[in-house]
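The next block holds one structure in the form of structure tokens; read it before the comments.
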Amino acid sequence: MKWDNIFKWEGKVALPKEGQFIKLKEDKSLEVPDNPIIPYIEGDGIGPEIAPAMLHVVNTAVERAYASSKRIFWVELLAGDKAEEKTGERMPKQTLEFLREAVVSIKGPLGTPVGKGGKSLNAILRQSMDFYSAIRPVYWLGQPSPIPNPGRVNVAVFRENSDDVYMSIEYMPKAEDTQRVRRFFLEEMGVSEDALPPDCGITVKPMSEFKTKRHVRKALRWALENGKKTVAIVGKGNIMKATEGAFMNWAFEVAEESEFKGRVITKGEPLEGQVLMVKVITDQMLMQLVLKPEAYDVIVTQNLNGDYISDLASALVGGPGFVPSGNIGDGYALFESTHGTAYDIAGKGIANPLSLTLSGAMLLEYIGWKEAAQLIYAGVKRAIEERLGTPDIAGGFRKMGLHAKDLSTMDFAQAIAERM
Ligand code: NAI
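In the numbering used here, the protein residues as written are -4 to 415.
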């Protein structure tokens, strides 16, 4: 599978002469040329196996959809283990600069070494371009799943990415600064000793109006553009009134803004071109997702709740191996697989490439190349219908008493490409 539009890192970042950068316009919308330069980071662990599979499927889809009138020029950027090996740094400055210049990009999983110093590369990336909303559309494509009628699941989880526990301030139990914070609360704020005993730890989780509202606006625009009907604002607002409660109230204020007035309703049945915004408490949402997943189209929530909810939603359709994601800011976007590096199976050629491949389809939709994205969904559906897949998929079918043969990562990608 030789593609001459993939420019691997060879001692330096390549800049394809035939390609052009996507431009970010003043209103933060994109100007996409027919020959965009799109950077990709392979990722660690199974990254070098799933990234070529994704590139093959996306390239095939673009070729089928547009013949030679549109073409992506892929440029490999280094990060993680490969970057450390080649440059001595886990996140070279050049990678961040190139990602910003290119506006839209895609990455495989990056490992965070446990017990070693250094910030998580994913956190560096998220903050570098202020990707304040993480979007995980969860839908079922026919794979084995733990619930009956998994086709009922079709929900996009919008997780806030720049507030809450991503910005938490941690005071460890018994540390000197923790005692200072405690004394402040006990002596100056009238908090009881029972609430803050001497051996307690304290986590501060901030949540702010500006960050909440821009996230909610993004989710509402997406819901309206995609013809969705129900947007659930989720949090433990009844308990954490100053943070999650405020988030939920701010969301309803956004619904009143002129852009959304009449299009986002808060009671009654939504008509064509309208969405209904409802409030749901987190624990209730977790239960509802299992019992009645068809009731929700879009979930808008904070960082920590978004983490739980998106993993539960992913599990309903068979696990994170099947679910794509995008980190989106004001125009800038970085798409990525939702699972980790899976070091335990790396190098064996058995990793499921779907999460990254579907993230590639999401990228295509983001740049407006919807026809190519549709071909990918169709190819994946047909391949799975024929029970073709990597061992996690084929094994799932066998557990159901059905015959299915294990395919390698690349053979599965090829099967998808042949079925578009
Ligand atoms: P993991 O997702 O890498 O692995 C959990 C289990 O799922 C393993 O048994 C693995 O073999 C399996 N698995 C994961 N992806 C698979 C795929 N595509 N096909 C087949 N099986 C798959 O989670 P873990 O072990 O917690 O994390 C490993 C590393 O990945 C950590 O360093 C973590 O920080 C990093 N990570 C990175 C993420 C990112 O870059 N966005 C997201 C999550 C974890």
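Using N, Cα and C, we set each Cβ at its ideal position, and we do this for glycine too.
Here the structure is a predicted model, which is why all the values come from computation and not from measurement.
Subject >> 7 Å Cβ cutoff met for A416 and L116 >> reply: Residue 416 is absent from the structure shown; the chain starts at -4 and stops at 415.
Original post:
Where G137 and Y338 are concerned, what is the direct C-alpha to C-alpha distance, given to the nearest angstrom?
Top reply: 27 Å
Original post:
Heavy atom of the ligand NAI less than 6 Å from the Cβ of D387, yes or no?
Top reply: yes
**OP:** Let me know the secondary structure DSSP gives F179 once reduced to three states.
**Re:** helix
**OP:** Take Q89 and list the residues in its own chain whose beta-carbon comes closer than 7 Å to its own, dropping the five residues that flank it on each side.
**Re:** V8
**OP:** If I'm right that K394 touches P141 with Cβ under 8 Å, what's the distance once you round it to whole angstroms?
**Re:** No, K394 and P141 are not in contact; Cβ-Cβ is about 11 Å, not under 8 Å.
Subject >> 8 Å CB neighbourhood of A328 in its chain, flanking five on each side removed >> reply: V98, V99, S100, F126, G321, N322, L358, Y361
Original post:
Is the beta carbon of N300 within less than 6 Å of some heavy atom of the ligand NAI?
Top reply: no
Original post:
Can you tell which of A241, K200, P47 has its C-alpha closest to the C-alpha of T352?
Top reply: P47
Original post:
Beta carbon of T90: closer than 6 Å to some heavy atom of the ligand NAI?
Top reply: no
**OP:** With K274 as the anchor, note down where its beta strand (DSSP E) starts and where it stops.
**Re:** 270 to 276
Original post:
Are the CB atoms of S203 and D158 nearer to each other than 7 Å?
Top reply: yes
Subject >> Contact the segment 224 to 233 vs the segment 267 to 276: 3+ CB pairs below 8 Å >> reply: yes
Subject >> Every unbroken beta strand (DSSP E) within the segment 316 to 400, with a cutoff of 3 residues, ordered by chain >> reply: 319 to 323, 328 to 332
Original post:
Going by beta carbon distance, what residues of the same chain come within less than 6 Å of M280, once the five residues before and after it are set aside?
Top reply: V229
**OP:** Report all residues from its chain with a CB closer than 6 Å to the CB of T336; omit the five preceding and five following residues, and keep chain order.
**Re:** D39, G40, P104, G106
Original post:
According to the neighbour-count rule (16 or more other Cβ atoms, all chains shown, within 10 Å of its Cβ), is A56 buried or exposed?
Top reply: buried
Original post:
If you compare alpha carbons, which of F392, R212, I17 is closest to R95?
Top reply: I17
Subject >> the segment 237 to 253 touching the segment 203 to 221, judged by at least three CB pairs closer than 8 Å >> reply: yes
**OP:** Note down the Cα distance separating R216 from Y303, rounded to an integer number of angstroms.
**Re:** 24 Å
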